């Protein structure tokens with residue numbers, strides 16, 4: 001079997017701009033890939049179809065589950081059939097070792113899907129160009145195209161319009177996964193009624209701080225406009241963020257639509273020292289130290 005990582009991401013900046021007529025929301029965000037990763041194992045089979053087995057952290061992989069790995073496989077198989085006029089010969093067995101908490105805003109499912117598209121393209125010799133893979137990825141979810149590209153990027157529109165951000169920052173993220181999950185759809189559904197409650201912040205300031213590897217400036221520039229929406233759904237998450245900030249004395253942000261929270265550090269040593277201050281909080285399922293990659 002082939003084994004490949006599917007890395008998590010954090011949003012160093014996230015602002016909602018407007019709700020489109022199709023119901024989707026346009027954003028501007030600064031994505032950053034981190035070292036925490038699921039692991040996926042792939043094997044071609046003579047039997048047709050997609051056969052998924054899940055291990056590790058809890059995840060719905062039962063029959064009929066709307067899993068992004070399965071959807072990615074089927075979408076790429078359909079793309080091949082439409083282009084070639086013939087079905088894919090055989091199928092694929094996938095073992096997903098889940099290490100990124102589900103419903104956390106860390107992009108685990110999207111990353112799994114992007115990795116699946118890339119691996120299957122080579123495993124089956126489809127020969128799709130990157131642009132074709134991006135089109136398929138965009139149909140699977142707003143964050144999926146990011147995981148096909150560079151580790152740092154500005155995302156605009158519904159997330160798929162990407163602008164690479166080059167930098168040499170060697171920062172570390174300290175992630176806190178609470179014992180709760182949030183529905184992305186539910187968080188965004190509250191945006192219209194709370195759109196005026198802006199936190200402020202400027203995307204350009206966050207990008208500039210990242211490119212200068214200025215940790216203090218980046219911590220101050222980090223912003224996530226979805227936070228008050230997430231806190232309105234789960235007030236305990238807002239109280240938890242306040243507790244985390246008080247313990248480490250620096251800003252803590254929600255990633256994506258939540259529920260994972262994070263702060264940043266200059267080094268592995270500093271990051272682990274911060275993590276120790278969080279590890280005894282009962283409502284946290286996991287505290288993780290992971291580098292930018």
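Numbering (my numbering), first residue to last: 1 to 293.
The beta carbon of each residue, even a glycine, is placed where N, CA and C say it ideally should be.
No experiment lies behind these values; they were computed from the predicted model shown.
With respect to the C-alpha of residue 93, the residue from 284, 207, 33, 48 having the closest C-alpha is 48. In this structure, the alpha-carbon of residue 39 lies about 5 Å from that of residue 5. Burial of residue 226 is indicated by the presence of at least 16 other C-beta atoms within 10 angstroms of its C-beta. Comparing C-alpha distances from residue 54 to each of 102, 174, 210 shows the shortest one belongs to 102. Just measuring C-alpha positions, the residue of 216, 180, 238, 272 sitting nearest residue 284 is 180.
Residue pairing by DSSP places residue 56 opposite 98 in a beta bridge. With respect to the 7 Å criterion, residue 11 and residue 255 are classified as neighbours on the basis of their beta carbons.
Taking the Cα positions, residue 190 is about 10 Å away from residue 228. CA-to-CA, the gap between residue 193 and residue 187 works out to about 11 Å. Looking at the DSSP output, residue 28 sits in a beta bridge with 15, 156.
Beta bridge pairing from DSSP links residue 280 with no other residue. Residue 265 and residue 273 have their C-alpha atoms roughly 10 Å apart. Beta-bridge pairing by DSSP links residue 178 to 284. Residue 1 sits exposed, since fewer than 16 C-beta atoms from the chains shown fall within 10 Å of its C-beta. With 16 or more other Cβ atoms inside 10 Å of its own Cβ, residue 98 counts as buried. Within the same chain, and ignoring the five residues on either side of residue 106 in sequence, the residues whose Cβ sits closer than 6 Å to its Cβ are 8, 100, 255, 260. The C-alpha of residue 50 lies about 38 Å from the C-alpha of residue 171. Nearest neighbour of residue 84 by Cα position, chosen from 116, 127, 71, 28, turns out to be 127. Check the Cα spacing between residue 141 and each of 160, 90, 271: the tightest is with 160. Partner residues in the beta bridge of residue 49, as assigned by DSSP, are 91. Of the residues assessed, residue 202 falls on the exposed side of the cut-off, its CB having fewer than 16 other CB atoms within 10 angstroms.
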